[in-house]
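>
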DNA sequence: TGCTAATTAGCAATTCATGCAAATTAGCAA
DNA sequence: TTGCTAATTTGCATGAATTGCTAATTAGCA
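Chains as they are written, first to last, in our numbering: chain A, 54 to 189; chain B, 54 to 189.
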């Protein structure tokens, strides 16, 4: 994800407005490695801006996602999570604490797939389930 | 997933009852490669047994899943899908029609992961997104 | 045939997310 | 600086998927 300053420019350039709510969310997501859900981010945002609505959080996150600044990740645990890391990477999830971490997988492009005739693959998501050091 | 007959034995052996509803669902899921959602299976089941409840479908599916006879797969499209194929395999999903197919991935065990200190991996799910032959 | 624990059905409740409309406001132009 | 207007924010209603709960039913055994 771009920096808050760059996002501000990018938004204005597209005719989108840069509100205090959006600026706050830019800052909260930039460099964030927690893979927060909308609700989690809403809590953090509310601490700094009481009265901000959950609806706005959802709105801004999906806007950022459709601009390609965020990736949506679904670890099958109810709520979708948001990841400002848009590099080619994958995720590990700890069954214990539910924490999600980014991982870089060597050779994932070279996976050889059997059994698809005529199917063309656009993207691949790999999810590793297991236990983190503290939960093991 | 075991055959309906084998499941009947397995259920009785565990003290679980084999009701007509369960037998129907055993039959509908056995060898099913459609990756149906609970709702989809409920439709099929209702055709053969009017009055069966969606609640029972969910119940039986999650029972089978916790017995290891079914795998739950979440392709991030709202509803969870159920897969009677419990072999080591992965999935492709067509963004066009939403159909899900099983794929066997050569070398998926050998994926080299960077960046996890102390994390132990129990299982891996790979999801390929793309377009099937008819949707391309 | 009868007993009893397991199961079913159906409705309420919950969670996550989106639709909608009125009030507000950012950003531009004068 | 002021005013205009379209974009945005809110908050509430709505929707989809799933689980909780409980009374009525039933499978499986003695």
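Just so it is clear, CB atoms sit at the ideal spot from N, CA and C, and this is done for glycine as well.
Would you mind stating whether residue 136 of chain A and residue 126 of chain A have Cβ atoms separated by less than 8 Å?
Contact flag set, yes.
> Using C-beta distances below 7 Å, list every residue in its chain close to residue 97 of chain B, excluding the 5 sequence neighbours before and after it, in chain order.
The answer, listed in chain order, is 81.
> Sorted by chain position, which residues of the same chain lie with C-beta nearer than 8 Å to residue 170 of chain A's C-beta, five sequence neighbours on each side aside?
None.
> According to DSSP, is residue 93 of chain B helix, strand or coil?
In this structure, residue 93 of chain B counts as helix in the three-state DSSP scheme.
> DSSP on residue 106 of chain B, reduced to helix/strand/coil?
Residue 106 of chain B falls in the coil class under three-state DSSP.
> Whole angstroms is fine: what's the gap from residue 117 of chain A's alpha carbon to residue 75 of chain A's?
Roughly 10 Å separates the two Cα atoms.
> If you follow the beta strand (DSSP E) that residue 172 of chain B is in, where does it begin and where does it stop?
Here residue 172 of chain B belongs to no beta strand (DSSP E), and DSSP marks it neither H nor E.
> Return helix, strand or coil for residue 187 of chain B, following the three-state DSSP convention.
Residue 187 of chain B falls in the coil class under three-state DSSP.
> What does a CB cutoff of less than 7 Å around residue 24 of chain B pick up in its chain, not counting 5 residues either side in sequence?
Residue 24 of chain B cannot be examined here, being either before or after the span of chain B that is shown, 54 to 189.
> Which whole-angstrom value is the C-beta distance of residue 186 of chain A and residue 172 of chain B, which I expect to be below 8 Å?
Contact flag correct, Cβ pair sits at about 7 Å.
> With DSSP run on the structure shown, which of helix, strand or coil describes residue 119 of chain A?
Looking at residue 119 of chain A - three-state DSSP - the assignment turns out to be helix.
> Measure the beta-carbon distance from residue 8 of chain A to residue 110 of chain A and round it to whole angstroms, keeping in mind my assumption that it falls under 8 Å.
Nothing in the structure corresponds to residue 8 of chain A, since chain A is present only between 54 and 189.
> Using a Cβ-Cβ cut-off of less than 7 Å, list which residues of the region 173-187 of chain A approach chain B; keep chain order.
Answer in chain order: 173, 174, 175, 176, 177, 178, 179, 180, 181, 182, 183, 184, 185, 186.
> For residue 164 of chain A, would you say it is in contact with chain B, using Cβ-to-Cβ distances shorter than 8 Å as the test?
Judged by the 8 Å Cβ criterion, residue 164 of chain A is in contact with chain B.
> If you follow the beta strand (DSSP E) that residue 125 of chain A is in, where does it begin and where does it stop?
Run containing residue 125 of chain A: 124-126, per the beta strand (DSSP E) assignment.
> Should residue 174 of chain B and residue 181 of chain A be called a contact, given that it needs their Cβ atoms to be closer than 8 Å?
Cβ atoms of residue 174 of chain B and residue 181 of chain A: closer than 8 Å.
> State buried or exposed for residue 72 of chain B, treating a residue as buried only when at least 16 other CB atoms are found within 10 Å of its CB.
By the neighbour-count rule (16 or more Cβ atoms within 10 Å), residue 72 of chain B is not buried but exposed.
> What does the Cβ neighbour count give for residue 86 of chain A, buried or exposed, with the cut at 16 atoms within 10 Å?
It is exposed - the Cβ of residue 86 of chain A has fewer than 16 other Cβ atoms within 10 Å.
> Can you give the beta carbon distance from residue 122 of chain B to residue 60 of chain B, rounded, assuming they're within the 8 Å contact cut?
7 Å between Cβ atoms; contact.
> Using CA atoms only, rank isn't needed, just tell me which of A:166, A:150, A:167, A:176 is closest to residue 184 of chain A.
The shortest C-alpha separation from residue 184 of chain A is found at A:150.
> DSSP three-state label for residue 180 of chain B, please.
In this structure, residue 180 of chain B counts as strand in the three-state DSSP scheme.
> I want to verify the contact list: residues of chain A whose CB lies under 7 Å from the CB of residue 106 of chain B, in sequence order.
The contacting residues do not exist; residue 106 of chain B stays about 24 Å from chain A at best.
> Quick one, which of A:152, A:188, A:138, A:166 has its alpha-carbon nearest residue 124 of chain A's?
Checking every option, the nearest Cα to that of residue 124 of chain A belongs to A:138.
> Which residues mark the beginning and the end of the beta strand (DSSP E) in which residue 159 of chain B is found?
It spans 153-159 - the beta strand (DSSP E) in which residue 159 of chain B sits, taken as one unbroken run.
> Residue 134 of chain B bridges to which residues according to DSSP?
Partner(s): B:90, B:126.
> What does the alpha-carbon distance come out to for the pair residue 70 of chain B and residue 64 of chain B?
Roughly 6 Å between the two C-alpha positions.
> If we count the other Cβ atoms within 10 Å of its Cβ and call it buried at 16 or more, is residue 89 of chain A buried or exposed?
It is buried - the Cβ of residue 89 of chain A has at least 16 other Cβ atoms within 10 Å.
> Let's see if you can read the secondary structure: which residues bound the alpha helix (DSSP H) around residue 62 of chain B?
Per DSSP, residue 62 of chain B belongs to the alpha helix (DSSP H) from 57-66.
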